[in-house]
Amino acid sequence: MTDLQIAKKTALQHITTIAEKFGVSSDQIEMYGKYKAKLPLQAIDKKKAAESNLILVSAISPTPAGEGKTTMSIGLSEGLNRLNKKTTVVLREPSLGPVFGIKGGATGGGYSQVLPMEDINLHFTGDFSAIEKAHNLLAALIDNNIQSKTNSLRIDARTVSWKRVVDVNDRALRHVIVGLGGTTSGVPRETGFDITAASEIMAILCLAENLSDLKKRLGNIFVGYTYDKEPIYAKDLKAQGAMTALLKDAIKPNLVQTIEGNPAIIHGGPFANIAQGTNSVIATTMGMSHSDYTVTEAGFGFDLGAEKFFDIKCQSAGLKPKAVVLTATVRALKYHGGADLKSLTVPNAEALKKGLPNLEKHLENIAKFNIVPVIAINKFLTDTDEEIEVIQEFAQSKGVRVAIAEVWAKGGEGALDLAQHVIQIIESKASDFQPLYDWKSTVTDKIETIAKEIYGAEHVDYTGKAKAHLRKISNLGLDGLPVCIAKTQKSLSDNPKLLGRPKDFIITVREIEIAAGAGFLIPITGDIMRMPGLPAHPASEGMDINDDGEIIGLF
Numbered sequence: 012m013t014d015l016q017i018a019k020k021t022a023l024q025h026i027t028t029i030a031e032k033f034g035v036s037s038d039q040i041e042m043y044g045k046y047k048a049k050l051p052l053q054a055i056d057k058k059k060a061a062e063s064n065l066i067l068v069s070a071i072s073p074t075p076a077g078e079g080k081t082t083m084s085i086g087l088s089e090g091l092n093r094l095n096k097k098t099t100v101v102l103r104e105p106s107l108g109p110v111f112g113i114k115g116g117a118t119g120g121g122y123s124q125v126l127p128m129e130d131i132n133l134h135f136t137g138d139f140s141a142i143e144k145a146h147n148l149l150a151a152l153i154d155n156n157i158q159s160k161t162n163s164l165r166i167d168a169r170t171v172s173w174k175r176v177v178d179v180n181d182r183a184l185r186h187v188i189v190g191l192g193g194t195t196s197g198v199p200r201e202t203g204f205d206i207t208a209a210s211e212i213m214a215i216l217c218l219a220e221n222l223s224d225l226k227k228r229l230g231n232i233f234v235g236y237t238y239d240k241e242p243i244y245a246k247d248l249k250a251q252g253a254m255t256a257l258l259k260d261a262i263k264p265n266l267v268q269t270i271e272g273n274p275a276i277i278h279g280g281p282f283a284n285i286a287q288g289t290n291s292v293i294a295t296t297m298g299m300s301h302s303d304y305t306v307t308e309a310g311f312g313f314d315l316g317a318e319k320f321f322d323i324k325c326q327s328a329g330l331k332p333k334a335v336v337l338t339a340t341v342r343a344l345k346y347h348g349g350a351d352l353k354s355l356t357v358p359n360a361e362a363l364k365k366g367l368p369n370l371e372k373h374l375e376n377i378a379k380f381n382i383v384p385v386i387a388i389n390k391f392l393t394d395t396d397e398e399i400e401v402i403q404e405f406a407q408s409k410g411v412r413v414a415i416a417e418v419w420a421k422g423g424e425g426a427l428d429l430a431q432h433v434i435q436i437i438e439s440k441a442s443d444f445q446p447l448y449d450w451k452s453t454v455t456d457k458i459e460t461i462a463k464e465i466y467g468a469e470h471v472d473y474t475g476k477a478k479a480h481l482r483k484i485s486n487l488g489l490d491g492l493p494v495c496i497a498k499t500q501k502s503l504s505d506n507p508k509l510l511g512r513p514k515d516f517i518i519t520v521r522e523i524e525i526a527a528g529a530g531f532l533i534p535i536t537g538d539i540m541r542m543p544g545l546p547a548h549p550a551s552e553g554m555d556i557n558d559d560g561e562i563i564g565l566f
C-alpha cells in the first residue's frame, strides 16, 4: 500500500463529524453509508450566503487530459482552511462517460482529493440515475402520447426534439430509430441518445433554487409541435409532478470530505462544452451559507465553463464572485505553442513562450467581467525551473498575480501562497462583478458578443437551419433567454485544430437548441455532439476489483 493510499484510509472521518464541522447537526443529514450524506435544503441561509466570498477556479484551454481545475480547487480550499479561513469546496459530480473514457475521475488527485473517491466516481448517491430516469420518463410519455388514440395531444413526431439519455460514452446510440415492431410498439421515428450530463434535466437541476422552482422548470421543457403548429411543453403532458418526484432526493446536495478533513459539497454535473458546466445553485448557496470562503470550479477553459458560470448561473442566482483562479500548466502552454502531445514532458521553453497568447487571452476575458485574477501554475514533476520562470515573468509583465501551486504533491501546504493571493484580492475588494451581456439583447447580439469578445472571432455565420431556429425562438417568445454556446473545449475557436490564440476566424452556428426549462438557448458550433465516444483504449480497461471489494485502477 502506498503512502497516499494509507493517507486516504486514515483521513476518512465519519460523515457526522464533517457535518458538524460544516455547521449542520448530525440529526439533520441523510446518511448514505459512513462517509456520504445528503444535506437538507432548509440548511441554506441566503443572508449568510450573501456575506460569503465566492471564488471561481477556471483554466486556460486544456489538453485532452485536463489541467487539474478540480485538484486545484480542492488544494486551494485546504490552503485557505490552513490559514484559518473557514472554507468549503463545491464541485460537480463525475459522469461515468469520462470516468470510463479518457479523462478518468473528477475527484482531484494526489494529496488534493475528495473522499471516498471510488464511491464518488461510481454512482455516488444515485443523482445521475435519478436524472436519467426523470429524463427518460418524459421520453416515454412523449412516445406514449404519440401512440395513443384516446389521450393524444396530436404531437407531430417529426418535430420532437427530446431524446433519451444514458450515462456512458456510447457513440452507437447517437442516432437510433424507435417504435419498430408493429402497431403495438409505437410510431417509428428517428431519435437518439445523449449522455446524461448533457440532459436538460441536469441543467435544470443545477439552476433550480428549490423544489417548486424545479417543478416549474421541468414543466417548461419544450418538446415539439402539434400538427396544428402549436408548441408542446412537458406540462402539457402533465409530466412535471412525476419527474420532480423522481428528483426529490437528487435535488439535495451531497456532503463528503477532503483528504485533510474539510467539508466538500459535490452536486450536479453538466458538461461545459454542451451545457453550463457548473455545480448546482443549491450546492453553491449551501456552501456559502456555512463558510467564509467558498471555492468552486467551472468546466474546461474560461471561454466555456467560466463564461457560462458568470453569464448564466451568476445572473440567474444573483451570485457575485470575488476572485478568479486561472489554472495554467507548463504542458498546456507548450501544447498551444505547437509541441506534440507525446512530447509535453520534454523541456521546451520556446514552445511554452509561443503558447503564452492563449493564457493572455483568458486573462483579458476575466477582465471583461471586472474580476481580479491570480494565475495558479499547477506544477508537475517534469516542469523545469526555466519553464516556470517564463510564466512568472509573463505574469509580472501583465501586472497579474501568480503563484506556484503544488497541490497534487503537497495538498493544502502546496497552496498556501495561492491562498494568500486570493485572500488579498478579496480583502482589497478590487473585484466588482459585471456580466458580459444583457439577457434582454437579441439572440444574435448575445451570440456575437460571446464569439467576438470571449473567443476572439471576427464574424459569426448562421446556417439556414440556425436561421430557421432563430425564427422559431422568436415565435415562441424565448428571445430573452441567455445563450449557452456548445463549442469545442480544445480551442478558443470552433475548430479544435486551431490552438493557441487564433485570430481572424469565423464561428459557424449550425443549429440552436431550446432549453426552455433550464432557461437558456444552446447555439451549437463545430462538430460538438451530445453523446461522446470512447477512445481506442478506454480507461475502463485498467480497472478491476479484488476479492476484498477494493477497486483498482480508478484514478
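Read in order, the letters of the sequence shown are residues 12 to 566 in our numbering.
Positions of the beta carbon are idealized from the N, C-alpha and C atoms, including for glycine.
Predicted model only: the values in this text are computed from it and were never measured.
Residue from the options whose Cα sits closest to the Cα of residue i
i: Leu-363; options: Thr-395, Ile-131, Leu-23; result: Thr-395
i: Gln-251; options: Ser-302, Gly-530, Arg-228; result: Arg-228
i: Ile-215; options: Ile-434, His-278, Leu-133; result: His-278
i: Ala-76; options: Thr-519, Gly-537, Arg-482, Gly-310; result: Gly-310
i: Asn-273; options: Gly-235, Asn-64, Gly-298; result: Gly-298
i: Gly-528; options: Trp-173, Gly-467, Tyr-466, Arg-512; result: Trp-173
i: Leu-148; options: Lys-96, Val-234, Met-83, Glu-31; result: Val-234
i: Pro-264; options: Asp-555, Ile-166, Leu-218, Glu-424; result: Leu-218
i: Glu-271; options: Lys-379, Arg-93, Ala-141; result: Arg-93
i: Asp-154; options: Ala-183, Glu-129, Glu-201, Glu-143; result: Glu-201
i: Glu-459; options: Ser-442, Glu-404, Phe-516; result: Phe-516
i: Ile-131; options: Ala-54, Ala-441, Gln-268; result: Gln-268
i: Ile-17; options: Val-101, Ser-88, Tyr-122, Ala-60; result: Tyr-122
i: Ile-461; options: Pro-493, Lys-476, Ile-437; result: Pro-493
i: Glu-404; options: Glu-371, Phe-139, Ser-163; result: Glu-371
i: Thr-453; options: Ser-485, Asn-221, Lys-463; result: Ser-485
i: Arg-169; options: Ile-188, Glu-31, Val-179, Arg-182; result: Ile-188
Pair within 8 Å by beta-carbon distance, residue i and residue j
i: Ala-360; j: Glu-397; result: yes
i: Gln-124; j: Ile-85; result: yes
i: Ala-275; j: Thr-99; result: yes
i: Gly-560; j: Pro-513; result: no
i: Leu-126; j: Ala-22; result: yes
i: Thr-340; j: Gly-79; result: yes
i: Pro-332; j: Leu-52; result: no
i: Ile-465; j: Glu-318; result: yes
i: Val-335; j: Ser-63; result: no
i: Leu-50; j: Leu-266; result: yes
i: Ile-166; j: Asn-156; result: yes
i: Ile-232; j: Ala-245; result: yes
Collapsed DSSP secondary structure at residue i in the structure displayed
i: Arg-165; result: coil
i: Glu-129; result: helix
i: Pro-534; result: strand
i: Glu-371; result: helix
i: Arg-5; result: Outside the modelled stretch of the chain, which goes from 12 to 566, sits residue 5, for which no answer is possible.
i: Lys-80; result: helix
i: Ser-69; result: strand
i: Lys-49; result: strand
i: Asn-265; result: strand
i: Asn-389; result: strand
i: Gln-39; result: coil
i: Gly-410; result: coil
i: Ile-113; result: coil
i: Val-418; result: helix
i: Phe-204; result: strand
Neighbour-count burial assignment, residue i, 16 or more Cβ in a 10 Å radius
i: Arg-103; result: buried
i: Asp-322; result: buried
i: Pro-546; result: exposed
i: His-571; result: Nothing in the structure corresponds to residue 571, since the chain is present only between 12 and 566.
i: Thr-295; result: buried
i: Thr-118; result: buried
i: Leu-392; result: exposed
i: Val-198; result: exposed
i: His-186; result: exposed
i: Ala-479; result: exposed
i: Gly-44; result: exposed
i: Leu-15; result: exposed
Chain C within 8 Å of residue i, Cβ atoms only
i: Asp-303; result: Among the chains in the structure shown there is no chain C, since it carries only a single protein chain.
Does the pairing of the segment 110 to 120 with the segment 545 to 559 give three or more beta-carbon distances under 8 Å?
yes
Three or more beta-carbon pairs under 8 Å between the segment 408 to 424 and the segment 381 to 388, yes or no?
yes
Would you say the segment 266 to 285 touches the segment 235 to 248, given that touching needs at least three Cβ pairs under 8 Å?
no
Looking at C-beta atoms only, is the number of pairs between the segment 363 to 374 and the segment 333 to 352 that lie closer than 8 Å three or more?
yes
I'd like to know if the segment 325 to 337 and the segment 434 to 452 are in contact, where contact means that at least 3 CB-CB pairs between them fall below 8 Å.
yes
Any contact between the segment 489 to 504 and the segment 471 to 478? By contact I mean 3 or more CB pairs, one from each, below 8 Å.
no
Would you call the segment 197 to 208 and the segment 313 to 321 in contact, with 3 or more CB pairs under 8 Å?
no
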